[in-house]
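Q: Heads up: the sequence shown begins at 986 in my numbering, then just goes up one per residue.
Dropping the structure in here first, questions after.
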Amino acid sequence: MNWLKKSSHKDTKAQRTKRKNQILGIVEKRDKKGVLHWTLAGIVFLFLLWELASRVYGSSLILPGPLPVLNSFLHLVSTRRFFTALSSSLVRVVGGIAVAVPLGIAAGIAAGSDRRFNAFLKPLFLVISATPVLSVILIAFIILGSGRTPVFSAFLMVFPVMAANVIEGINSTDPRLKELFTVFRMSRKETLKYLYIPSLFPFILGALRSSLSLCWKVVVAAEVIVQPFRSLGTGMQQAKANLETPELFAWTAATIFAAASTQGILSFVIKKTGKKPGLLRKK
């Protein structure tokens, strides 16, 4: 009899836990739907505001409405020129990140592990953060030419972000674990492999997420100024020179979609790996 009572008690507790999880799941789904509705409402509001402003100006040369821009966008994406420009800009973005990420991680690990190297790199980070992006693009254009300037500009903007996140990740490592590795006289290589690298993963992913959209902005801005042969920025500059304002908006919309798509892919990968991005603060 006592065994039956205990079994019944356990079953009741399991049922309560199951019911609680079901309720929490329903509430979470309802919250997601509510957020989605508000997001859609915000998008509709922006388009209405855009249409209203277009009607106030009354000229598609100054501010075209959503429909002319949509028509221009649909025409643009049906051309080979658009996909060539998009792929070229994407290659530049990926190239800038591919160079900046490993160098930023290496510099961040070295600066976070050694105060002297941190002090050595600090002036470089200060100069990069204080220099206007347009100045960087113009100077790079004089030295590197139009082809490599967007990649170099993207690298210069992403590199300090990645390094700063890695340094913050090392500084945020549990001091007790650091002391434990010191007590057991672990080598610097072992400390890096078994202590720092596992704890840096969220910070690296966080730096990637925050720097990806920045990379798109810098690359396209550099393309607008230096006008390489195939690029989204060159398309914008040519549309502006020809006074094709709807086409200019269409190129801008294409850039936004491209940046949002790559951001969404990165977020999906982060979600699948189960890693949450780190923040630039101590935990």
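Beta carbons are placed, not taken as given, at the ideal position from N, Cα and C, and that holds for glycine.
Does the stretch 1109 to 1117 come close enough to the stretch 1187 to 1200 to have 3 or more Cβ pairs within less than 8 Å?
A: Verdict: no, contact absent.
Q: Identify which residue in Phe1253, Leu1162, Glu1208 and Phe1030 has its Cα closest to the Cα of valine 1136.
A: The residue with the shortest Cα to Cα distance from valine 1136 is Glu1208.
Q: Suppose the cutoff is 6 Å on Cβ atoms and the five residues either side in sequence are ignored; what does the same chain contact list for glutamate 1232 look like?
A: So the list reads Ser1057 and Ala1224, once near-sequence residues are dropped.
Q: Check each candidate in Phe1126, Leu1123 and Ala1192 and name the one with the smallest Cα separation from alanine 1148.
A: The residue with the shortest Cα to Cα distance from alanine 1148 is Ala1192.
Q: Would you kindly work out how many angstroms separate the C-alpha atoms of proline 1051 and arginine 1161, rounded to a whole number?
A: Rounded to whole angstroms, proline 1051 to arginine 1161 spans 58 Å at the Cα level.
Q: Quick one, which of Gly1080, Ile1241 and Glu1229 has its alpha-carbon nearest leucine 1217's?
A: Closest by alpha carbon: Ile1241.
Q: Buried or exposed: serine 993, going by 16 or more other Cβ atoms within 10 Å of its Cβ?
A: Note that serine 993 has pLDDT 48, beneath the 50 cutoff, so the model's placement of it is unreliable and the number below is only indicative. Result: exposed.
Q: Pull up the CB-CB distance for proline 1049 and phenylalanine 1253, whole angstroms please, since I reckon it's below 8 Å.
A: No, proline 1049 and phenylalanine 1253 are not in contact; Cβ-Cβ is about 33 Å, not under 8 Å.
Q: Taking the alpha-carbon positions, what's the phenylalanine 1102 to isoleucine 1124 distance?
A: In a straight line, the C-alpha of phenylalanine 1102 is about 27 Å away from that of isoleucine 1124.
Q: Consult DSSP for proline 1117 and reduce its assignment to one of helix, strand or coil.
A: The answer is coil: DSSP assigns proline 1117 none of H, G, I, E or B.
Q: Using a 10 Å radius around the Cβ and a threshold of 16 neighbouring Cβ atoms, would you call proline 1087 buried or exposed?
A: The residue in question, proline 1087, is exposed, as its Cβ has fewer than 16 Cβ neighbours within 10 Å.
Q: Return helix, strand or coil for arginine 1133, following the three-state DSSP convention.
A: It is coil, neither helix nor strand.
Q: Report the three-state DSSP secondary structure of proline 1187 (helix, strand or coil).
A: DSSP places proline 1187 in helix when its eight states are reduced to three.
Q: Just mark arginine 1077 as buried or exposed, buried being the case when its beta carbon has 16 or more other beta carbons within 10 Å.
A: Burial call: buried.
Q: Please state whether DSSP places leucine 1048 in a helix, a strand or coil.
A: Coil at leucine 1048, not helix or strand.
Q: Distance, Cα to Cα, valine 1211 vs serine 1131?
A: So the alpha carbons of these two residues sit roughly 5 Å apart.
Q: DSSP on phenylalanine 1102, reduced to helix/strand/coil?
A: Reduced to three states, the DSSP call for phenylalanine 1102 is helix.
Q: Just reading off the alpha helix (DSSP H) that glycine 1043 is part of, what are its end residues?
A: No alpha helix (DSSP H) holds glycine 1043; DSSP gives it neither H nor E.
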